[in-house]
Amino acid sequence: MPYPILIDLLTPLCIITMTKFEGMPKRIKPASNARSTRSSSRAKSEQPLSDVARAQLHVAVDTVPEMRLRQIITSLVDRVPAVAHAVFSKLMVAVKNESGQEPDQNEYVPRWEVCVNCDKEYDAGEEREEGECLYHTGNLEVSYDRLDDYDWNEDFHGPVDTDENRSEYPELFVWSCCKEDGTDEGCEKSMHVPGGMLMKRRKTH
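To convert, note that position 107 of the sequence shown is 107 in the UniProt record's numbering; the numbers rise steadily by one, no gaps.
Okay, structure coming up:
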């Protein structure tokens, strides 16, 4: 699951969980007051977070590390049924079978995928279209002919063949497959293919 989706997903889930447990008593009351205490706590837990608390929560969600974010979501899913249903509806999508019958629990797949070719996120629940994916089959290489026009001196400016320069100066690079520069989106067209997120994780571990 891409990191921005994790952030969008966690915010409402945290609000659900925090409001559920907000106002719980810190000390155990006498048995005679147990029923009234539970009623009072339940009433408080159904109240939404204040604007200040909600704003602070948004800041916390925006700054939490991705791995911690995943752990929090998994923990909430395991402990709070309402959260599990909410996450399921956001992250899973039904697979249409050939008979056209309603899918059962075994016919759901992750909704959000990253294309293995174009490296873009897409919704697996949407119908695939030919040409939705633009990508290159070759490698992005330095164009030394164009480099001369920029009067680039690696001794002074530093190495040109870096990820930062590919992003900042895409016109200084060409694709080996089509000889177009780095601003070109792709020379091949196809449908999105899942598996890009798995490859990203393998590269980072």
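All residues carry an ideal CB built from backbone N, CA and C; glycine is no exception.
Residues near residue i in its chain [Cβ-Cβ closer than 7 Å; skip 5 each side]
i             : result
threonine 183 : Pro170, Glu171
arginine 146  : Glu171, Leu172
valine 160    : Val142, Leu147, Trp152, Glu154, Leu172
For residue i, the three-state DSSP class (helix, strand or coil)
i             : result
lysine 189    : strand
glycine 195   : coil
aspartate 161 : coil
valine 116    : coil
glutamate 141 : strand
proline 81    : helix
valine 93     : strand
alanine 184   : The amino acid occupying residue 184 in the given sequence is aspartate; alanine does not appear at that position. Three-state result, aspartate 184: coil.
valine 109    : strand
Residue of the options minimising C-alpha distance to residue i
i             : options                       : result
valine 174    : Glu141, Met191, Glu188        : Glu141
glutamate 127 : His192, Ala53, Ala82, Asp51   : His192
glycine 196   : Glu121, His85, Ser176         : Glu121
glutamate 188 : Glu130, Pro110, Tyr144, Pro65 : Glu130
glycine 138   : Gly158, Glu185, Tyr144        : Glu185
lysine 179    : Tyr144, Glu132, Tyr150        : Tyr144
serine 190    : His136, Phe156, Cys177, Val59 : His136
6 Å CB neighbourhood of residue i in its chain, flanking five on each side removed
i           : result
proline 194 : Glu113
N- and C-terminal bounds of the alpha helix (DSSP H) containing residue i
i             : result
aspartate 148 : 144 to 149
First and last residue of the uninterrupted beta strand (DSSP E) at residue i
i             : result
glutamate 121 : 121 to 123
leucine 172   : Looking at the DSSP string, leucine 172 is not in any beta strand (DSSP E), and its letter there is neither H nor E.
proline 48    : Here proline 48 belongs to no beta strand (DSSP E), and DSSP marks it neither H nor E.
Inter-residue CB distance, residue i and residue j (contact presumed, cutoff 8 Å)
i             : j             : result
cysteine 118  : leucine 134   : 6 Å
residue 207   : glutamate 107 : Because the chain in this structure spans residues 1 to 205, residue 207 falls outside the shown range and cannot be described.
isoleucine 73 : valine 87     : 7 Å
methionine 92 : arginine 111  : 6 Å
Nonlocal neighbours in the same chain, by C-beta distance under 8 Å from residue i, ignoring five residues either side
i            : result
arginine 166 : Leu140, Phe173, Gly182
Proximity test, residue i beta-carbon vs the ligand FMN heavy atom, cut-off 8 Å
i          : result
proline 48 : The ligand FMN is absent from the structure shown, which contains no ligands of any kind.
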